[in-house]
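Student: Here the sequence shown stands for residues 148 to 801, numbered as in this note's numbering.
All C-beta atoms in this analysis are idealised placements derived from N, C-alpha and C, irrespective of residue type, glycine included.
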Amino acid sequence: MKVASSVASNCYDDSGAQINGTTSELVSSKFPISSTRNNFIVVGCDTYALMEGSCEWKHMIARCASSCDSIDSVENGTCSGTGCCQTSIPKGVKDFFVDVRSFRNHTRVSNFNPCGYAFVVEAEAFEFSTSDIKDLLNRKSVPVVLDWSVGDVTCKEARENLSSYACRAIHSECSDSRNELGHRCNCLTGFHGNPYLVDGCQDIDECTTLKPCEGTCTNLPGNYSCSCPKGFEGDGMKNGTGCRSTSPPMGDPKASLPKGFEGDGMKNGTGCHSTSHHSNCRKHNASTCLFYVASGFMVTAVVSSWIFWRRKQKKVVRLRQNLFRRNGGLLLENMLSSQKTLTIFTAEDLKRATHNYDENKIFHMEQHSRSTYYKGILPAQGENQEVIVMKYGDALDGSYVEPFISKLVTLSRIQHKNVVKLIGCCLETQVPLLVYESINTKTLHDYIQHDDSACSLSWNIRMRIAAETAGVLACLHSEAAAPIIHGNLNSSTIKLDDDYNVKVQDLTLTCSAVSDVHFYVDTPGYLDPEYLFTGRLTIKSDVYSFGVVLAELLTGKKVLGLERPNGEEHLSKYFESLPKGDDLLRILDYRLVAEGKIIEQLTLVAKLAQRCLSNSSAERPTMEEVATSLRLLWIPTGLDQTQNRAVFDIYTES
Numbered sequence: 148m149k150v151a152s153s154v155a156s157n158c159y160d161d162s163g164a165q166i167n168g169t170t171s172e173l174v175s176s177k178f179p180i181s182s183t184r185n186n187f188i189v190v191g192c193d194t195y196a197l198m199e200g201s202c203e204w205k206h207m208i209a210r211c212a213s214s215c216d217s218i219d220s221v222e223n224g225t226c227s228g229t230g231c232c233q234t235s236i237p238k239g240v241k242d243f244f245v246d247v248r249s250f251r252n253h254t255r256v257s258n259f260n261p262c263g264y265a266f267v268v269e270a271e272a273f274e275f276s277t278s279d280i281k282d283l284l285n286r287k288s289v290p291v292v293l294d295w296s297v298g299d300v301t302c303k304e305a306r307e308n309l310s311s312y313a314c315r316a317i318h319s320e321c322s323d324s325r326n327e328l329g330h331r332c333n334c335l336t337g338f339h340g341n342p343y344l345v346d347g348c349q350d351i352d353e354c355t356t357l358k359p360c361e362g363t364c365t366n367l368p369g370n371y372s373c374s375c376p377k378g379f380e381g382d383g384m385k386n387g388t389g390c391r392s393t394s395p396p397m398g399d400p401k402a403s404l405p406k407g408f409e410g411d412g413m414k415n416g417t418g419c420h421s422t423s424h425h426s427n428c429r430k431h432n433a434s435t436c437l438f439y440v441a442s443g444f445m446v447t448a449v450v451s452s453w454i455f456w457r458r459k460q461k462k463v464v465r466l467r468q469n470l471f472r473r474n475g476g477l478l479l480e481n482m483l484s485s486q487k488t489l490t491i492f493t494a495e496d497l498k499r500a501t502h503n504y505d506e507n508k509i510f511h512m513e514q515h516s517r518s519t520y521y522k523g524i525l526p527a528q529g530e531n532q533e534v535i536v537m538k539y540g541d542a543l544d545g546s547y548v549e550p551f552i553s554k555l556v557t558l559s560r561i562q563h564k565n566v567v568k569l570i571g572c573c574l575e576t577q578v579p580l581l582v583y584e585s586i587n588t589k590t591l592h593d594y595i596q597h598d599d600s601a602c603s604l605s606w607n608i609r610m611r612i613a614a615e616t617a618g619v620l621a622c623l624h625s626e627a628a629a630p631i632i633h634g635n636l637n638s639s640t641i642k643l644d645d646d647y648n649v650k651v652q653d654l655t656l657t658c659s660a661v662s663d664v665h666f667y668v669d670t671p672g673y674l675d676p677e678y679l680f681t682g683r684l685t686i687k688s689d690v691y692s693f694g695v696v697l698a699e700l701l702t703g704k705k706v707l708g709l710e711r712p713n714g715e716e717h718l719s720k721y722f723e724s725l726p727k728g729d730d731l732l733r734i735l736d737y738r739l740v741a742e743g744k745i746i747e748q749l750t751l752v753a754k755l756a757q758r759c760l761s762n763s764s765a766e767r768p769t770m771e772e773v774a775t776s777l778r779l780l781w782i783p784t785g786l787d788q789t790q791n792r793a794v795f796d797i798y799t800e801s
């Protein structure tokens, strides 16, 4: 499958001032980008680019740089770093964001190369030419190849629900995807067409197309047959034994015998004798013989069915046991032996709870992490318990199993009113299933990005959301054993109930600040810029992500807006040099400004957001400082406004 992707560019004038720029992205593709049929390309003589993407459960960054002093040093068809750079795409990447940058703003090469370009493209669709140094600005899109598959289940699981089974053609077969979850449909050998349509796979007439027979060719469904004419023998195939005459040579006294006879066939010899014998069955009563034959068939069928069923059950049990071990089940049981804070569910438990993962039970699909959330009901003492079953979009990476299990146990022990409670998990499936307490389906992102919903979020409500979210992060960072880093905080992971109380989710993506600092699954736009250069995750990375959420609450704008003016595509750009007075009011949500009497609070929180969004982690406050500052503004303390302001300044300026 091919899709179109844009070309990212960055152009400068002779003085080095940026005159225009675009980014390129493929957001939350369901199918992985082919690692064998695509390349990441950077074109320019003073250019480097970063490609961010999600690879399984980890964040991935690819870098490529190209430079040159003159157009004469650039060679056609070569992408080795002089005028053009090329690198491969990691396996399993399903989305990307490409940003082009420059070392010296093209000041030394502006006369022949004022722009830099970067893009992901099908390898066969792009061959570098020296003209690309100048002309790529006119190329709006390039093809990208995706490794296409159906759903996220195996063929065996897909056949369990025939109403949604994709391989609809009669003469089709299902095969599991080699590189990813899901499956594909193909026409059987001897058929061609579209296996996803009922009559999509049509028979191939090999007799007409291949002409494989030396003798007579007979077309069969999905196959063909070759035969020799009377008086000839052989398989009748051109690439086989062909057809040979069975007639004796002229003058040979030996004659051929009809089928079913033996002898020399000569009058003065043994002649011809029939080789057939009467059936023993004719000596017995026909009905008695038929009864025994039918009974034998019936007993054989019953026994065979039972053996088949038993083998199938044993195979399912073995498969689930293997998956349980592969996903870290034995380690989890050992860690829970002293204190059971997590329930281990079987695959059948959750299958019943979700009505076999009925599509009608789906209430939310996370685009970036490709996770699916199902509503479910588990039997409990007294009354049934409503739960949320979360199904990840990717299988566990083998190297990530032990850290994942450790985090599950740690997170199951967190007791915080603003954290979605992790109840249990199932490790008997291809991808882990996590069971949470039942929560509202609305997220902060839903409220902010929809004008009608945002009207209901007053400044007081937004302050409470910010304060409660900051409190959760401060709690995670203050864990005694090892500070816990969320790693994926964004407005979509902040749930709100009907009273706008916060519930932070997706804590399964967290990691310890002591270890596993390279595991980072971040939503585009919330990524700590320092991580681009260090590749390390710290608690200050959560502070930056929270700063982006704070900016969303203040402005009501999208984090990434390609339609915004050049240089303002990212929301954090508004807070790099914080405007004052009327200029500040222009970037804030007009609904908040219209409330009146809160301008001073808006200004104070905007300053706090600016500190959180600092490019240097050393200049960012801790989450404890942020949470304290927000509580001072939101919760009445008995101090007058002047005192509140003075105490707030102590925290924001420290």
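(1) Would you check if the distance between the CB atom of residue 254 and the CB atom of residue 186 is smaller than 8 Å?
(2) Taking 7 Å as the limit between beta carbons, can you name the residues of its chain near residue 704, skipping five residues before and five after?
(3) Taking the beta carbon of residue 331 as the centre, do at least 16 other beta carbons fall within 10 Å, making it buried, or is it exposed?
(4) For residue 165, tell me which candidate among 250, 506, 198 has the shortest Cα-Cα distance.
(5) Can you give the Cα-Cα distance for residue 157 and residue 579, rounded to whole angstroms?
(6) Name the DSSP beta bridge partners of residue 246, please?
(7) Starting from residue 166, trace the beta strand (DSSP E) in both directions and tell me its first and last residue.
(8) How many Å lie between residue 283 and residue 181 at the Cα?
(9) Using the rule of at least 16 other Cβ atoms within 10 Å of the residue's Cβ for burial, across every protein chain shown, is residue 439 buried or exposed?
(10) Among the candidates 623, 313, 218, whose CA atom is the shortest distance from the CA of residue 260?
(11) Please state the DSSP three-state secondary structure of residue 646.
(12) Looking only at DSSP bridge pairs, what is residue 350 linked to?
(13) Who does residue 569 pair with in a DSSP beta bridge?
(14) Give the C-beta separation of residue 290 and residue 177 to the nearest angstrom, bearing in mind that I take them to be a contact with Cβ-Cβ under 8 Å.
(15) Consult DSSP for residue 624 and reduce its assignment to one of helix, strand or coil.
(16) Below 8 Å on the Cβ atoms is my contact criterion, and I expect residue 574 with residue 474 to pass it. Report the Cβ-Cβ distance as a whole number of Å.
(17) Apply the 10 Å Cβ neighbour rule to residue 162 and answer buried if 16 or more other Cβ atoms are within range, or exposed otherwise.
(18) I need the straight-line Cα distance from residue 592 to residue 609, nearest angstrom please.
(19) Between the Cα of residue 232 and the Cα atoms of 724, 616, 168, 209, which residue gives the shortest distance?
(20) Look up residue 307 in the DSSP assignment and say whether it is helix, strand or coil.
(21) Buried or exposed, going by whether 16 or more other CB atoms sit within 10 Å of the CB of residue 667?
(22) If I follow the unbroken alpha helix (DSSP H) through residue 343, where does it start and stop?
(23) Express the C-alpha separation of residue 312 and residue 306 in angstroms, rounding to a whole number.
(24) Return yes when the Cβ of residue 651 is within less than 8 Å of the Cβ of residue 673, no when it is not.
(25) Looking at the secondary structure, which residues open and close the beta strand (DSSP E) in which residue 363 lies?
(26) Using alpha carbons as the reference points, say which of 700, 767, 761 lies closest to residue 734.
(27) What separation, rounded to the nearest whole angstrom, lies between the Cα atoms of residue 482 and residue 547?
(28) Between the segment 339 to 357 and the segment 312 to 321, are three or more C-beta pairs nearer than 8 Å?
(29) Excluding the 5 residues flanking residue 531 on each side, which residues of the same chain have their C-beta closer than 8 Å to its C-beta?
(30) Using the beta-carbon count (16 or more within 10 Å), is residue 367 buried or exposed?
(31) Look at the alpha carbon of residue 188 and the alpha carbon of residue 266, and state the distance between them as a whole number of angstroms.
(32) According to DSSP, is residue 155 part of a helix, a strand, or is it coil?
(33) Starting from residue 550, trace the beta strand (DSSP E) in both directions and tell me its first and last residue.
(34) From the DSSP output, read off the bridge partner residues of residue 491.
(35) Output yes or no for whether 8 Å exceeds the beta carbon distance between residue 581 and residue 693.
(36) Could you tell me how far apart the beta carbons of residue 309 and residue 179 are, in whole angstroms, since I believe they sit closer than 8 Å?
Tutor: Let's see:
(1) It is not a contact, given that the beta carbons lie outside the stated cut-off.
(2) If the five residues before and after residue 704 are omitted, its C-beta is found closer than 7 Å to the C-beta atoms of 718, all from its own chain and listed in chain order.
(3) So residue 331 counts as buried.
(4) With distances taken between Cα atoms, residue 165 lies closest to 250.
(5) Counting only the Cα atoms, residue 579 lies some 42 Å from residue 157.
(6) Per DSSP, 197.
(7) Its beta strand (DSSP E) spans residues 165 to 169.
(8) If I take the Cα positions, the gap works out to 23 Å.
(9) The residue is exposed, with fewer than 16 neighbouring Cβ atoms inside 10 Å.
(10) Out of 623, 313, 218, 218 has the C-alpha closest to the C-alpha of residue 260.
(11) When DSSP states are grouped into helix, strand and coil, residue 646 belongs to the coil group.
(12) Paired residues: 338.
(13) In the DSSP output, where bridge partners are listed per residue, residue 569 has 583.
(14) At roughly 18 Å, the Cβ-Cβ gap does not stay under 8 Å, so residue 290 and residue 177 are not in contact.
(15) In this structure, residue 624 counts as helix in the three-state DSSP scheme.
(16) About 4 Å separates the two Cβ atoms, so the contact holds.
(17) So residue 162 ends up on the exposed side.
(18) So the alpha carbons of these two residues sit roughly 12 Å apart.
(19) Nearest option by C-alpha distance: 209.
(20) Collapsing the DSSP output to three states places residue 307 in coil.
(21) Any answer about residue 667 is weak, because its pLDDT of 45 lies below 50 and its placement is not dependable; what the coordinates show is given next. Within 10 angstroms of the beta-carbon of residue 667 lie 16 or more other beta-carbons, which makes it buried.
(22) No alpha helix (DSSP H) holds residue 343; DSSP gives it neither H nor E.
(23) Near 6 Å, if we compare the C-alpha coordinates of residue 312 and residue 306.
(24) Not closer than 8 Å, so no.
(25) Boundaries of the beta strand (DSSP E) around residue 363: 363 to 367.
(26) Comparing Cα positions, the closest option is 700.
(27) Taking the straight line joining both Cα atoms gives about 17 Å.
(28) Flag = yes, the segment 339 to 357 and the segment 312 to 321 touch.
(29) For residue 531, the CB contacts under 8 Å within the same chain, skipping 5 residues up- and downstream, are 524, 525 in chain order.
(30) By the 16-neighbour rule on beta-carbons within 10 angstroms, residue 367 is exposed.
(31) So the alpha carbons of these two residues sit roughly 5 Å apart.
(32) Assignment of residue 155 by DSSP, reduced to helix, strand and coil, places it in the strand class.
(33) Segment 548 to 559 is the alpha helix (DSSP H) holding residue 550; no beta strand (DSSP E) there.
(34) 572.
(35) It is not a contact, given that the beta carbons lie outside the stated cut-off.
(36) Between residue 309 and residue 179 a beta carbon distance of about 27 Å is seen, past the 8 Å cut, so the two are scored as non-contacting.
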